[in-house]
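In order, the protein sequence lines correspond to chains R, S, Z and A.
The opening position of the first sequence corresponds to residue 0 in numbering that gives the first Met the number 0, with each subsequent residue numbered one higher.
The opening position of the second sequence corresponds to residue 0 in numbering that gives the first Met the number 0, with each subsequent residue numbered one higher.
The opening position of the third sequence corresponds to residue 0 in numbering that gives the first Met the number 0, with each subsequent residue numbered one higher.
The opening position of the fourth sequence corresponds to residue 0 in numbering that gives the first Met the number 0, with each subsequent residue numbered one higher.
The beta carbon of each residue, even a glycine, is placed where N, CA and C say it ideally should be.
Protein chains: 4
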Amino acid sequence: MIPATEILPDSLPAVLLGLETQIDSLRETGAMLWQRGWSVGTSSNYSVVLRRQPLELLVTASGMDKGRLKQADFVLVNERGEPSVAGQPKSSAETLLHVVAARQPNVGAVLHTHSIWATILSDLYFADGAIDIEGFEMLKGLAGIATHEHKQRVEIFENTQDIPVLARLVEARLNDGANPLRHGYLIRRHGLYTWGKDLEEARRHVEIFEFLLECVARRLMLRGALAGVTATGPVAASM
Amino acid sequence: MIPATEILPDSLPAVLLGLETQIDSLRETGAMLWQRGWSVGTSSNYSVVLRRQPLELLVTASGMDKGRLKQADFVLVNERGEPSVAGQPKSSAETLLHVVAARQPNVGAVLHTHSIWATILSDLYFADGAIDIEGFEMLKGLAGIATHEHKQRVEIFENTQDIPVLARLVEARLNDGANPLRHGYLIRRHGLYTWGKDLEEARRHVEIFEFLLECVARRLMLRGALAGVTATGPVAASM
Amino acid sequence: MIPATEILPDSLPAVLLGLETQIDSLRETGAMLWQRGWSVGTSSNYSVVLRRQPLELLVTASGMDKGRLKQADFVLVNERGEPSVAGQPKSSAETLLHVVAARQPNVGAVLHTHSIWATILSDLYFADGAIDIEGFEMLKGLAGIATHEHKQRVEIFENTQDIPVLARLVEARLNDGANPLRHGYLIRRHGLYTWGKDLEEARRHVEIFEFLLECVARRLMLRGALAGVTATGPVAASM
Amino acid sequence: MIPATEILPDSLPAVLLGLETQIDSLRETGAMLWQRGWSVGTSSNYSVVLRRQPLELLVTASGMDKGRLKQADFVLVNERGEPSVAGQPKSSAETLLHVVAARQPNVGAVLHTHSIWATILSDLYFADGAIDIEGFEMLKGLAGIATHEHKQRVEIFENTQDIPVLARLVEARLNDGANPLRHGYLIRRHGLYTWGKDLEEARRHVEIFEFLLECVARRLMLRGALAGVTATGPVAASM
Chain R
0 MIPATEILPD SLPAVLLGLE TQIDSLRETG AMLWQRGWSV GTSSNYSVVL RRQPLELLVT
60 ASGMDKGRLK QADFVLVNER GEPSVAGQPK SSAETLLHVV AARQPNVGAV LHTHSIWATI
120 LSDLYFADGA IDIEGFEMLK GLAGIATHEH KQRVEIFENT QDIPVLARLV EARLNDGANP
180 LRHGYLIRRH GLYTWGKDLE EARRHVEIFE FLLECVARRL MLRGALAGVT ATGPVAASM
Chain S
0 MIPATEILPD SLPAVLLGLE TQIDSLRETG AMLWQRGWSV GTSSNYSVVL RRQPLELLVT
60 ASGMDKGRLK QADFVLVNER GEPSVAGQPK SSAETLLHVV AARQPNVGAV LHTHSIWATI
120 LSDLYFADGA IDIEGFEMLK GLAGIATHEH KQRVEIFENT QDIPVLARLV EARLNDGANP
180 LRHGYLIRRH GLYTWGKDLE EARRHVEIFE FLLECVARRL MLRGALAGVT ATGPVAASM
Chain Z
0 MIPATEILPD SLPAVLLGLE TQIDSLRETG AMLWQRGWSV GTSSNYSVVL RRQPLELLVT
60 ASGMDKGRLK QADFVLVNER GEPSVAGQPK SSAETLLHVV AARQPNVGAV LHTHSIWATI
120 LSDLYFADGA IDIEGFEMLK GLAGIATHEH KQRVEIFENT QDIPVLARLV EARLNDGANP
180 LRHGYLIRRH GLYTWGKDLE EARRHVEIFE FLLECVARRL MLRGALAGVT ATGPVAASM
Chain A
0 MIPATEILPD SLPAVLLGLE TQIDSLRETG AMLWQRGWSV GTSSNYSVVL RRQPLELLVT
60 ASGMDKGRLK QADFVLVNER GEPSVAGQPK SSAETLLHVV AARQPNVGAV LHTHSIWATI
120 LSDLYFADGA IDIEGFEMLK GLAGIATHEH KQRVEIFENT QDIPVLARLV EARLNDGANP
180 LRHGYLIRRH GLYTWGKDLE EARRHVEIFE FLLECVARRL MLRGALAGVT ATGPVAASM
């Protein structure tokens, strides 16, 4: 008889003892992001910063169901994205992208999600290099933005399985003194990276970016519809 | 180690003692509106009227996660939108918009939400000054409307960070004897304000407006599709 | 201080004693239909048949929040749609539409819902008098349909506030010997009526009709998009 | 009085004793798939492999509400899709499609779902024989796929009520040495079949296929909109 794999043992590995609060916050975050449809199919990975000198992150292990994370589904990694303690499960292949975000000042948590809109808008606007989002009140949900009269440039990187190369590209943009990348970015046909001073703020940034991307997509569909309808006669909301 | 910010202390400030029922109703309302996607990213704010002479409101504090409001995330404000008791957290910048709605007769609760459809339709129809919604049975969910043969004019105000100016504009329309604004209004690329005699009715009005706005948007998309399809040949639902 | 209206007393009126099972099934049904977005804003009404000789229905009282029905939010009505016992809350204005459906053989429950797609498709196809739905496997979810090679004609009635007139029109179509209306129907810009031998089956019919209507709507949008894209060049799913 | 059918007895038949873990995993899976809208209206069926020599499956009984499966709503079937023990409820008409998938090596669970997008895309692309999905990071969620630079050919079979004929067609494609069907397939205007080494993996495959199909559909709609908008002037995300 094939054993039921749904019911897995869930005991905290010794290396994670004392981190129950951070782990449970990430588990609850995963359940929420999975429910929204932004972390389905074991996609996505999440991390929180535990220490800065030297950098240490608590990050989701590779290939876990984000809607039902178990206490053991986490790994400690160091500033090179490698396990900081031996004998742990493999961390996500994209751990280095968490590390380069976490190296920035005031970053306490990094969230990577895979939504439908992020996937297809990052493809549709790839040739432009970015999606410019402007004039929405919800932009004020991004840390430090105090007015809707702000243009957020959401940059789009080409997807690759060579994460170290991508991590260097992203870090160069984060450290660009003249015009640094801020709040988050997209990977083409892949998803969103965003972060915050703590997990609360990173969650808020996911919600804000997803809201804004959906606005961009649905507005484009409404405009397309309006163009089609007006080509055949006048249109009014009350029609 | 960076502390987990997810688990925050939740004890009722002395100034809010005795208001547990109203606070818990607003918390449950926030959880529902967040779940629907109408209050994500710490957007939105809610209030209930506690007293009329002089006016006193219980309103959400600024910047809180509406899906997980805590008992302490509320503030008492007076008829000028200022804290009615010292030592409270900052209330929302938009508190004045709650006050001007609450000054109207028979208003016991005010809800402000940020949905995708409210955000983009308020932009698409901004030049018209309003979205006229007519002929839907669901219009009867607005207080005092007894037939679907009703035209609801949902006015759209330009977005601004100067809330006192906007509040005066809104109040003038509310007090316009000839043609007063009723039930709610939109702010461009921002969201919806609506209210009711109590929190139940204000919640119902949010649901009704969101339903009607989604009908307007999706109907426009269907009409656009139909225009495109019929341009290339006949179309039937059973095709 | 304005009392919190969220927390209402919930005790079963004497007239409803012994009906707890049916009442709780309808309450759970309401919570599900509200959650799906098909019964928001106190719209919709539901009934189950209690007796046939003479006909007696348990029906939702008028104007209640269907997502949070209380035990007292129900009324007993007779074969004329009037309260069968004195002193009860007002039943829905549309009770007669429940009665005419319940008079049919093998009907044990009637559900009326207000979805976005039912609202706008009933308007878009109103001139055709019906939406013909054909060829979908999900048609087999309608009682007595054993193959997807079936054409379901979903008739559309004009909306009206004169329910007795509408009830006579519907009953005439239900009793049309040559070509009787079956499973359910739409009211223009209003919603869906459907029924089943018991509440389980009526719930299933709501889910089936909503699924099929959404298929009709989204298929139309995809065809419109395809027409637009192919007008400018070839298109493939992998593009 | 018509009995309430909502509250059904739920006791485990003797033939299913000892299978509580597998049964509860399938029940929880059904609740999740129903909640997503992929198994509404008693559609869908699910199975897990209990034994390989000879093959025995635990499969959902016919016509049950997948959102509220009871412990008794399951049947044991043999390698011919027939009940392996007498006196059980009828298994789904499509049980043979579970059997042919389960005969493949490393298959421990089979899930069949009915989503909106699977229903209409399987129709829209039927003439092509398949939907080619390429270049998405989420393709890596399919077992054995290690890069987004992969083209997944999702084949589409014509719908039929003659399941034995369809089962032979599918099995021939599964056993096609040169170019075998992998991971899952669509049935026209009907739904998706997918599987995995265990129920976890099969669930993941449902989520991955549904995500990818929704990407294909929404991308097509965005392209159609863009074609309509650009026909009348320039367009930018920030417009």
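Around the Cβ of residue 165 of chain S, a 10 Å sphere holds 16 or more other Cβ atoms; the residue is buried.
Annotation for residue 46 of chain A: the continuous beta strand (DSSP E) segment containing it runs 44-51. The three-state secondary structure of residue 60 of chain Z, taken from DSSP, is strand. In the DSSP secondary-structure assignment, residue 97 of chain S is not bridged to any residue. Residues of chain S with a Cβ closer than 8 Å to the Cβ of residue 147 of chain R are, in chain order, 158, 160, 188 and 189.
Here residue 209 of chain Z is buried, its C-beta having at least 16 other C-beta atoms within 10 Å.
Sequence-ordered contacts of the segment 209-233 of chain Z with chain A read 210, 213, 214, 217, 218, 220, 221, 223, 224, 225, 227, 228, 230 and 231 [C-beta pairs closer than 7 Å]. Within chain R, no residue has its beta carbon less than 8 Å from that of residue 83 of chain S; the closest one is some 26 Å off. By the C-beta density criterion, residue 52 of chain R is exposed, having fewer than 16 other C-beta atoms within 10 angstroms. Per the C-alpha coordinates, the member of R:58, R:125 and R:159 positioned closest to residue 25 of chain R is R:58. At a beta-carbon threshold of 8 Å, the residues of chain Z lying near residue 113 of chain A are 136, 137 and 210, ordered along the chain. Cβ-Cβ separation between residue 221 of chain S and residue 123 of chain Z: approximately 6 Å, consistent with a contact (criterion under 8 Å). At a beta-carbon threshold of 7 Å, the residues of chain Z lying near residue 119 of chain A are 214, 217, 218 and 221, ordered along the chain.
Its chain contains 165, 168, 169, 184, 185, 186 and 187 as the residues whose beta carbon lies nearer than 8 Å to that of residue 156 of chain A, once the 5 sequence neighbours on both sides are disregarded; these appear in chain order.
Distance from the CA of residue 136 of chain S to the CA of residue 61 of chain A, rounded to the nearest whole angstrom, comes to 38 Å.
Each of S:115, S:90 and S:182 was checked against the Cα of residue 144 of chain S, and the nearest Cα belongs to S:182. Spatial neighbours of residue 89 of chain R in its own chain (CB-CB distance under 6 Å, excluding positions within 5 residues in sequence) are listed in chain order as 61. Residue 150 of chain Z is bridged by DSSP to Z:133. Its chain contains 116 as the residues whose beta carbon lies nearer than 7 Å to that of residue 213 of chain S, once the 5 sequence neighbours on both sides are disregarded; these appear in chain order. In the structure shown, residue 108 of chain S falls within a strand segment according to DSSP collapsed to helix, strand and coil.
Listed along the chain, the chain A residues whose CB falls inside 7 Å of the CB of residue 206 of chain Z are 39 and 40. DSSP places residue 191 of chain Z in the strand class (E or B) of the three-state scheme. Between residue 216 of chain A and the set A:152, A:119, A:226 and A:160, the nearest pair of CA atoms involves A:119.
For residue 123 of chain Z, the C-beta contacts it makes with chain S under 9 Å involve 218, 221, 222, 225 and 236, in order along the chain. Take the alpha-carbon of residue 219 of chain R and the one of residue 12 of chain A: they are about 55 Å apart.
The CB of residue 203 of chain Z comes closer than 8 Å to the CB of 40, 41 and 64 in chain A, given here in chain order. Annotation: residue 227 of chain Z to residue 131 of chain Z spans about 25 Å, alpha carbon to alpha carbon. Not one beta carbon of chain Z lies nearer than 7 Å to the beta carbon of residue 195 of chain S. Taking C-beta separations shorter than 6 Å and ignoring five residues to either side along the sequence, the partners of residue 66 of chain Z in its chain run 30 and 33, following chain order. Around the C-beta of residue 19 of chain S, fewer than 16 other C-beta atoms lie within 10 Å, and the residue is accordingly described as exposed. Residue 105 of chain Z and residue 196 of chain Z have their C-alpha atoms some 5 Å from each other. Looking at the DSSP output, residue 14 of chain S sits in no beta bridge, so it has no partner there. Residue contact check for residue 140 of chain A against chain R: a CB pair falls below 7 Å. In this chain, residue 32 of chain S is not harboured by any beta strand (DSSP E); it is covered by the alpha helix (DSSP H) spanning 19-35. Judged by DSSP in its simplified three-state form, residue 157 of chain R adopts coil rather than helix or strand.
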